[in-house]
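Going by our numbering, the residue at position 139 of the sequence shown is 367; the numbering climbs one at a time, nothing skipped.
Quick reminder that beta carbons are idealized off the backbone N, C-alpha and C, glycines included.
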Amino acid sequence: MNLLIVSDIFGRTKALDDLADYFDDKKIQTEILDPYHRRYMDFENEDQAYREFHAETGLGNYINLLRQKLLGKKPEKTVILGFSVGASAIWAVSHHIEAEPFKGICFYSSQIRNSLEIKPKIKIELYFAKAEPAYDVDAIISKLEINNNVTCFKTKFMHGFMNERSKNFNEDGFLKYREIIKTSIARHLTGSVDVG
């Protein structure tokens, strides 16, 4: 089985490598997709990362990069785990890839609100921040959860809580949701029914 981690605007970092290593075992091969072509970027803050992401890649190109990556994969069970813009890219391709063998796990995508018409072919878990400045989280969840393949969760943490470089990083939230991710991956690996 494969785990493809689709990074946020910070790209590949030591912390993201450590997260990939945490899930890597004999049954699961992990890989990271980032917008900077495997280069480690050392951004001072989120504003700098945001500017660089849009100057170097942009969301449209990141979506295409992910689509090409997934189309090139062997037909093997794969979980696609994304954070922020990575989660937005997963959502954008979720109706272009086949239900088997893929599953998506997405954390705090802000751009999903702009493409609510998408009907994912894959099972996808969406983890939202407790609040977002640009939209009403509860209203978006109510529009998304009518999709059969979508399961929504509202966390009690802010956007970026899984990334230690974010001003909203929360270690307790990170540890809790790292275990939730691990359980979700295991369910996909064994073919168990998702219970959220």
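Taking the alpha-carbon positions, what's the residue i to residue j distance?
i: residue 256; j: residue 342; result: 33 angstroms
i: residue 328; j: residue 314; result: 20 angstroms
i: residue 334; j: residue 235; result: 11 angstroms
i: residue 367; j: residue 356; result: 12 angstroms
i: residue 288; j: residue 404; result: 31 angstroms
i: residue 264; j: residue 319; result: 20 angstroms
i: residue 302; j: residue 271; result: 34 angstroms
i: residue 365; j: residue 312; result: 14 angstroms
i: residue 297; j: residue 261; result: 9 angstroms
i: residue 414; j: residue 325; result: 21 angstroms
i: residue 381; j: residue 354; result: 6 angstroms
i: residue 269; j: residue 231; result: 22 angstroms
i: residue 283; j: residue 276; result: 11 angstroms
i: residue 412; j: residue 419; result: 10 angstroms
i: residue 400; j: residue 245; result: 19 angstroms
What distance in whole Å lies between the Cβ atoms of residue j and residue i, which are believed to be in contact at a cut-off of 8 angstroms?
i: residue 274; j: residue 358; result: Actually they are not in contact, since the Cβ atoms of residue 274 and residue 358 sit about 18 angstroms apart, beyond 8 angstroms.
i: residue 406; j: residue 250; result: 7 angstroms
i: residue 316; j: residue 340; result: 6 angstroms
i: residue 398; j: residue 385; result: 5 angstroms
Output needed for residue i: all residues of its chain with C-beta closer than 6 angstroms, excluding positions within five of it in sequence on either side, in chain order.
i: residue 393; result: 238
i: residue 369; result: 380
Can you name, in chain order, every residue of its own chain whose Cβ lies under 8 angstroms from the Cβ of residue i, other than the five neighbours on each side?
i: residue 362; result: 338 and 341
Counting only the same chain and skipping the five closest in sequence on each side, list residues whose C-beta sits under 7 angstroms from that of residue i.
i: residue 416; result: 305, 307 and 331
i: residue 371; result: 344
Query raised in the report: If you pair each beta-carbon of the stretch 385-392 with each one of the stretch 346-353, do three or more pairs fall below 8 angstroms?
Result: no
Query raised in the report: What are the start and end residues of each continuous beta strand (DSSP E) run of 3 or more residues lying completely inside the stretch 347-373, in chain order?
Result: 351-356
Query raised in the report: Three or more beta-carbon pairs under 8 angstroms between the stretch 292-308 and the stretch 246-264, yes or no?
Result: yes
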